[in-house]
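Chemist: The sequence shown begins at 8 in my numbering and counts up one residue at a time. By construction, the Cβ of each residue, glycine as well, lies at the ideal position given by its N, Cα and C atoms.
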Amino acid sequence: MRYLTVALAKGRLADQTMKLFEKIGITCEEMKDKTSRKLIFSNEDMKIRFFLAKASDVPTYVEYGAADIGVVGKDTILEEGRKLFEVIDLGYGKCRMCVCGPESAGELLKHHQLIRVATKYPNIAKDYFYNKKHQTVEIIKLNGSIELAPIVGLSEVIVDIVETGSTLRENGLMVLEEVCPLSARVVVNQVSMKRENQRITALISSLKQMIQEEQA
């Protein structure tokens, strides 16, 4: 039997996912050793391997079949636009993708004016403004503190992830429009879905059942 390989987005998402896997009986003791320098962790009995990757790389590993299954945020799935199956909304890591800015920018959005939008997520921003709002904007890709852009006049608004909104408020910004809700998702490689159908389907249904029980 071949290994089933699972790619997890590093950090809190990976920790929460491993707890969920443990609840359905899939454990990986090696991963609990925080001092380990290993890159791949395996459960030999169950023939499952796990590896941690940067969130933006998880969809790539899954699309190319280096991982059969991936767990990553919906924001990354949308931004990367890879060919894969999204099979479960895990319900944690909840937040929203929003258009934010000073209150005055609300009018510019309303009247579809040509504005500049700063974001770490140019593909999501482009899709929202061009395809959903039919508004022409100039999109500026940034990697650091996005909130800075409207404050220093680089852009009128930003498109970013909002959890509590406290950073926005502290900087005199607010949510002006919601783009979409986000949370952790399970994605599956298209070929693996066919080839490992029974194992993957069993895993998915166990996860779904566990999530339903927890939400009940």
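#1: Between the C-alpha atoms of V195 and E221, what's the straight-line distance to the nearest angstrom?
#2: Fully enclosed by the stretch 70-144, which beta strand (DSSP E) runs are 3 residues long or longer?
#3: For K54, I'd like the list of residues in its chain whose CB is within less than 6 Å of its CB, leaving aside the five on either flank, ordered along the chain.
#4: What separation, rounded to the nearest whole angstrom, lies between the Cα atoms of Q205 and S212?
#5: Identify, in the order they occur along the chain, each residue of the same chain with its Cβ nearer than 8 Å to the Cβ of K90, setting aside the five sequence neighbours on each side.
#6: Tell whether a beta-carbon distance below 7 Å holds between F57 and V13.
#7: Return helix, strand or coil for N204, following the three-state DSSP convention.
#8: With burial defined as no fewer than 16 other Cβ atoms inside 10 Å of the residue's Cβ, what is the status of L238: buried or exposed?
#9: Please list, in chain order, all residues of the same chain as E93 whose beta carbon is under 7 Å from its beta carbon, the five residues on each side excluded.
#10: Looking at C-beta atoms only, is the number of pairs between the stretch 33-52 and the stretch 159-179 that lie closer than 8 Å three or more?
#11: Are any of the Cβ atoms in chain B nearer than 7 Å to that of K127?
#12: Measuring CA to CA, which of P109, G72, S162 is closest to M181?
#13: Taking 7 Å as the threshold (C-beta atoms), are L214 and C102 in contact?
#14: According to the Cβ coordinates, are V186 and Y135 closer than 7 Å?
#15: Which word fits T208, buried or exposed, when buried means at least 16 other C-beta atoms lie within 10 angstroms of its C-beta?
#16: Report the rounded CA-to-CA distance for D52 versus E36, giving the unit in angstroms.
#17: By DSSP's criteria, S49 is part of a beta bridge. Which residues make up the other side?
#18: Once you ignore the five residues that flank K133 on each side, which residues in its own chain have a CB closer than 7 Å to its CB?
#19: Is the beta carbon of T24 closer than 7 Å to that of V238?
Modeler: A quick look at the data gives this:
#1: For the purposes of this step, residue 195 is identified with residue 188 of the sequence shown, where counting begins at 1. For the purposes of this step, residue 221 is identified with residue 214 of the sequence shown, where counting begins at 1. For V195 and E221, the distance between alpha carbons rounds to 23 Å.
#2: 76-80, 92-96, 102-108, 122-126
#3: On the sequence shown, residue 54 is found 47 positions in, with the first residue counted as 1. For K54, where only same-chain residues beyond five positions count, the Cβ hits under 6 Å are M8, Y10.
#4: For the purposes of this step, residue 205 is taken as residue 198 along the sequence shown, with counting starting at 1. For the purposes of this step, residue 212 is taken as residue 205 along the sequence shown, with counting starting at 1. Between Q205 and S212, the C-alpha separation is close to 11 Å.
#5: Position 83 of the sequence shown, counted from the first residue, corresponds to residue 90. Taken in chain order, the residues that qualify are E70, Q197.
#6: Counting from 1 along the sequence shown, the entry for residue 57 is found at position 50. Counting from 1 along the sequence shown, the entry for residue 13 is found at position 6. Cβ distance < 7 Å, so F57 and V13 count as in contact.
#7: By 1-based counting over the sequence shown, the position of residue 204 is 197. In the structure shown, N204 sits in a helix (DSSP, three-state: H, G or I).
#8: Only positions 8 to 223 of the chain appear in the structure, and residue 238 is not among them; the question remains open.
#9: Along the sequence shown, read from residue 1 onward, the residue named residue 93 stands at position 86. Contacts found: I84, R192, V194.
#10: no
#11: This model lacks chain B altogether, as it is built from one protein chain only.
#12: Taking the first residue of the sequence shown as 1, we reach residue 181 at position 174. Of the listed residues, the one whose Cα sits closest to M181 is P109.
#13: To locate residue 102, count along the sequence shown from 1; it is residue 95. To locate residue 214, count along the sequence shown from 1; it is residue 207. For C102 and L214, no; Cβs fall outside 7 Å.
#14: Taking the sequence shown and counting its residues from 1, the one referred to as residue 186 is at position 179. Taking the sequence shown and counting its residues from 1, the one referred to as residue 135 is at position 128. Yes; because the gap between Cβ atoms is below 7 Å, this pair is in contact.
#15: Numbered from 1 along the sequence shown, position 201 holds the residue referred to as residue 208. So T208 ends up on the exposed side.
#16: What you label residue 52 is simply residue 45 of the sequence shown in a count that begins at 1. What you label residue 36 is simply residue 29 of the sequence shown in a count that begins at 1. The alpha-carbon atoms of D52 and E36 are separated by roughly 12 Å.
#17: Here the question's residue 49 lines up with position 42 in the sequence shown. DSSP output for S49 lists R56 as bridge partner(s).
#18: Within the sequence shown, the letter at position 126 stands for residue 133. Cβ within range, chain order: I146.
#19: Any answer about residue 238 is impossible in this case: the structure gives the chain only from 8 up to 223.
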